[in-house]
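Have a look at the structure below, then the notes.
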DNA sequence: ACAAAAGTGTTTCGGCTACACCCATGC
DNA sequence: GCATGGGTGTAGCCGAAACACTTTTGT
């Protein structure tokens, strides 16, 4: 433990992760079945304590690795929840993260082993404490991000069709997009690369697979989806 | 002190505030001259410890009240900085806030009494620890916010001209805006109300003063400034 | 033949930009 | 009269949206 010259109150600090995934045309969320009090047996976000000598980001990565076996996961800070009464088990300040992971790459056994489960985003159960509010915040942040940056690299498989990307966007924004306009908009960004392979399972005619360009550091764009309609 | 059933590491948690103000056609920042180690004598953000039984928001409000005498200040979370080595005095997790205050309404004596000072945003001195990075983050957040929401209510005096608002926006975005187009865009939002008074000090002809509409709960708009040019 | 997704083209509309241009007034 | 900011008008461009239409192929 680091010695500190400060003489002031200290607090339990936790991280809670909203983990987004995409599978079977649905936006999903990885939730944990609590095995300890308080609220044992209910569903909650995946979380953990922040240890000495680690950043809150490292703590979140540790939690993710523990539950999914994955490293180098996309993580972003969402918000801090600090109501002294938010956790009946004691005063805990929680730093909330959202993560995006590729369901096809993670360790399914590790997930079940920990009592976690993937839930369709729009069918998730009520969560403990203020976790529903956290999910709400993370969803807003995800929408904001997806509105000015092409996301999907961390959610979709390495090759995917424009249809799959559109369905992902429709799941995130919970609205539909015109197929023709969506395709033109997305491809005009020059962020995707067309592969020579076609998908023939989702359509009769077959659709080209695309992947994110390697070189493309900045997947930034002016605007992909207009918010605040 | 609240009793806790948890047996895990605890941490010092602080808040640091980036306090924006507007005066003499300039975007300003309230900084503090450190009177204690480490880095005594250097400039830093205004900060304080999070106490038992208060939210991080309350802690930030407390700091603001202490330095400016103001309550009900606009506050927004920016980011959490948690590098174990960020503060040489010990391991401190810092929650960063940005605030907007009306310089004309605050308690100037209280500010000097605490060794704080208003600095022009683009002429601020280098700050201690990771505080420069925090300011950077807050500035980005301010730009984002100002891009889809008309800000100024918490920075400008209660009545102001379109010119003053434009100068504020130019200070925030560090670019110029076409006077005619800016005026039309802003007024088309129907968020401002024209008063019957004119300002005759800044121009010969005199310009109408405006104020934010009272009823107007949502000052949201599609987009005011296009980001990511 | 029909359905269903793939992919392209076209038209319309509205907002943003870049100006030009008049107004009012102090110097 | 001239400079300065106040304020209005307008033409051109470009992207978003709506939607028509053709292609391909499995059933």
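Protein chains in written order, with my numbering: chain A, 486 to 714; chain B, 486 to 714.
A virtual CB, placed ideally from N, CA and C, is assigned to each residue, including glycine.
Beta bridge counterpart(s) of residue i as assigned by DSSP
{"i": "residue 495 of chain B", "result": "A:497"}
{"i": "residue 512 of chain A", "result": "A:507"}
{"i": "residue 565 of chain B", "result": "B:580"}
{"i": "residue 623 of chain B", "result": "Looking at the DSSP assignment, residue 623 of chain B forms no beta bridge with any residue, so it has no partner."}
{"i": "residue 683 of chain A", "result": "A:693"}
{"i": "residue 677 of chain A", "result": "A:697"}
{"i": "residue 517 of chain B", "result": "B:529, B:601"}
Simplified DSSP state of residue i, which is helix, strand or coil
{"i": "residue 618 of chain B", "result": "helix"}
{"i": "residue 672 of chain A", "result": "helix"}
{"i": "residue 639 of chain B", "result": "coil"}
{"i": "residue 524 of chain B", "result": "coil"}
{"i": "residue 697 of chain A", "result": "strand"}
{"i": "residue 645 of chain A", "result": "strand"}
{"i": "residue 629 of chain B", "result": "helix"}
{"i": "residue 662 of chain B", "result": "coil"}
{"i": "residue 711 of chain B", "result": "coil"}
Integer-rounded CB distance, given that residue j should sit under 8 Å from residue i
{"i": "residue 534 of chain A", "j": "residue 493 of chain B", "result": "4 Å"}
{"i": "residue 580 of chain B", "j": "residue 553 of chain B", "result": "Not confirmed; about 19 Å, so no contact."}
{"i": "residue 641 of chain B", "j": "residue 507 of chain B", "result": "6 Å"}
{"i": "residue 545 of chain A", "j": "residue 536 of chain A", "result": "Actually they are not in contact, since the Cβ atoms of residue 545 of chain A and residue 536 of chain A sit about 12 Å apart, beyond 8 Å."}
{"i": "residue 658 of chain B", "j": "residue 676 of chain B", "result": "With 8 Å as the limit, residue 658 of chain B and residue 676 of chain B do not qualify as a contact, their Cβ atoms being about 18 Å apart."}
{"i": "residue 601 of chain B", "j": "residue 549 of chain B", "result": "At roughly 11 Å, the Cβ-Cβ gap does not stay under 8 Å, so residue 601 of chain B and residue 549 of chain B are not in contact."}
{"i": "residue 612 of chain B", "j": "residue 529 of chain B", "result": "6 Å"}
{"i": "residue 680 of chain B", "j": "residue 694 of chain B", "result": "5 Å"}
{"i": "residue 499 of chain A", "j": "residue 532 of chain A", "result": "5 Å"}
{"i": "residue 501 of chain B", "j": "residue 616 of chain B", "result": "7 Å"}
{"i": "residue 565 of chain A", "j": "residue 567 of chain B", "result": "Actually they are not in contact, since the Cβ atoms of residue 565 of chain A and residue 567 of chain B sit about 11 Å apart, beyond 8 Å."}
Residue i beta carbon near the ligand ATP (any heavy atom closer than 6 Å)
{"i": "residue 657 of chain B", "result": "Inclusion of the ligand ATP in the displayed structure is not the case, the ligand content being empty and no account of it being possible."}
Would you list, in sequence order, the uninterrupted beta strand (DSSP E) runs of no fewer than 3 residues that lie entirely inside the region 572-615 of chain B?
577-585, 601-605
Uninterrupted alpha helix (DSSP H) stretches inside the region 526-561 of chain B (no shorter than 4 residues):
541-553
Could you tell me whether the region 507-521 of chain A touches the region 506-526 of chain B, using the rule of 3 or more Cβ pairs below 8 Å?
Proximity of the region 507-521 of chain A to the region 506-526 of chain B falls short of the contact definition, fewer than three beta-carbon pairs being nearer than 8 Å.
Touch test, the region 560-574 of chain B against the region 587-606 of chain B, Cβ-Cβ under 8 Å, three pairs minimum:
no
Taking contact to mean at least 3 C-beta pairs separated by less than 8 Å, is the region 620-630 of chain A in contact with the region 568-575 of chain A?
no
If contact is defined by three or more beta carbon pairs under 8 Å, each pair taking one atom from either stretch, is the region 666-674 of chain B in contact with the region 645-655 of chain B?
yes
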